[in-house]
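In our numbering, the protein residues as written are 4 to 368.
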């Protein structure tokens, strides 16, 4: 917990207490391990008498196709926090912003894992924009996030090399420092996060957080955390791996036809939900996308392909009973087809663009 007299990782410093003591802040809460850590850490500070916040607030951006395991835990967590005086709000994307509607209706190509260092369009549409609208109406103060360095040595190196923009290797990247965003756990390692969630800190913490620990321990269990080998040198920390989460069928965690192993373990090896990754694989194929005749660059998904992939997703939905596309979503998607809707800068005329000879990979943009 502490080394050579240094305070334990979870001990708050004066800056953290000072910034969290302001009366106008809200936590951006996804239900994942990092945002859960910052929420329960703040609640522990309150219960321990180290922080006085009369009305703490969190906001969850619900994409409406959240991973069922995370959604169940986050719903229970918010129930516990409400009973402790937290104000918990839930926001959702507009119908035109929803993941499956953007891909199958408008034709946006599913994001590719690790592509670029800017924010993924799906993160902005399904989470950031709904949160921004809520803030304009209800709160304009500090946004507390669970974003941090320390996920892995490779990720940290990538972030420092490319800058701290979204999609540089993390779930949402590390935002640039500003007066409106604060990440108090920025220097925590994954081991720190797991230790806090498991209650492997102090007896005082465990006694104060007895109603929270069952939920946070469930969260650790579904993340399937694994410790790698120790580094060759003492200063090189061992790698810690864990499952990645997103929406059901999150395209940002795999570019393969097959679902990631951690997803298969959660869904079950025979679950039709695993087939969603093959749908996204087809959506990314160059020959299934419009082409810019001047550059040869590929753009959105062709209209005919959208319809085929829509039928596949609806088949998966029917076989699993998991709602990916609501009746209202289906109406929106079909209206997009009827009205020849394409992403900005593209139109039906691009459907007939000639495809230049392929000199590179079928799937490379």
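Note that CB positions come from ideal geometry on N, CA and C, so glycine has one too.
Quick one: what's got a C-beta closer than 8 Å to residue 61's C-beta in the same chain, skipping five residues either side?
29, 30, 31, 32, 42, 81, 84, 89, 90, 91, 92
Residues in its own chain within less than 7 Å of residue 278 by CB, not counting five upstream and five downstream?
319
From what residue to what residue does the beta strand (DSSP E) around residue 60 run?
60 to 64
Ignore the nearest five residues each way along the sequence and tell me which others in residue 207's own chain have a CB closer than 8 Å to its CB.
51
Assess contact between the stretch 280 to 289 and the stretch 66 to 79, defined as three or more Cβ pairs (one per stretch) separated by less than 8 Å. Is contact present?
no
What residues in its chain sit with their C-beta under 6 Å from that of residue 369, if we drop five residues either side in the sequence?
No statement about residue 369 is possible, as the shown extent of the chain runs from 4 to 368 and does not include it.
Can you tell me which of the three DSSP states residue 235 falls into?
Confidence at residue 235 is low in this model, with a pLDDT of 44, below 50, so its placement is unreliable and no value can be given for it.
Residue 340 to residue 151 span [Cα, whole Å]:
41 Å
Have a look at the DSSP bridge pairing and note the partners of residue 93.
63
Using only the heavy atoms of the ligand HEM, determine whether one of them is closer than 7 Å to the beta carbon of residue 222.
The ligand HEM is absent from the structure shown, which contains no ligand whatsoever.
Using a Cβ-Cβ cutoff of less than 7 Å, which residues in the same chain neighbour residue 313 once the five nearest sequence positions on both sides are dropped?
107, 336
Residue 32 - partner residues in DSSP beta bridges:
63
Is the distance from the Cβ of residue 114 to the Cβ of residue 255 below 8 Å?
yes
In terms of DSSP beta bridges, what is residue 204 paired with?
According to DSSP, residue 204 bridges with nothing at all.
Cβ pair residue 196, residue 37 closer than 8 Å:
yes
Return the CA-CA distance between residue 343 and residue 257, expressed in angstroms with no decimal places.
29 Å
Cβ-based burial, residue 177 [other Cβ within 10 Å; buried from 16]:
Because the pLDDT at residue 177 is just 44, under 50, the model does not fix this residue reliably, and the point stays unresolved.
According to DSSP, simplified to helix, strand and coil, what is residue 318?
helix
Residue closest to residue 322, alpha-carbon to alpha-carbon, out of 192, 138, 297, 276:
276
Which residue wins for smallest C-alpha separation from residue 274, given the options 334, 123, 251?
251
Over what stretch of residues does the alpha helix (DSSP H) that includes residue 82 continue unbroken?
71 to 86
Since residue 100 contacts residue 129 with CB under 8 Å, what's their CB separation in whole angstroms?
6 Å
Does the distance from the CB of residue 77 to the CB of residue 34 come in under 8 Å?
yes
Write down the C-beta distance between residue 218 and residue 44 rounded to the nearest angstrom, noting that I regard them as a contact closer than 8 Å.
Not really, about 14 Å apart at Cβ, beyond 8 Å.
So what's residue 330 in DSSP terms, helix, strand or just coil?
helix
Leaving out five residues on either side along the sequence, give the residues of the same chain with a beta carbon under 7 Å from the beta carbon of residue 135.
none
Hey, how far is the Cα of residue 94 from the Cα of residue 140?
12 Å
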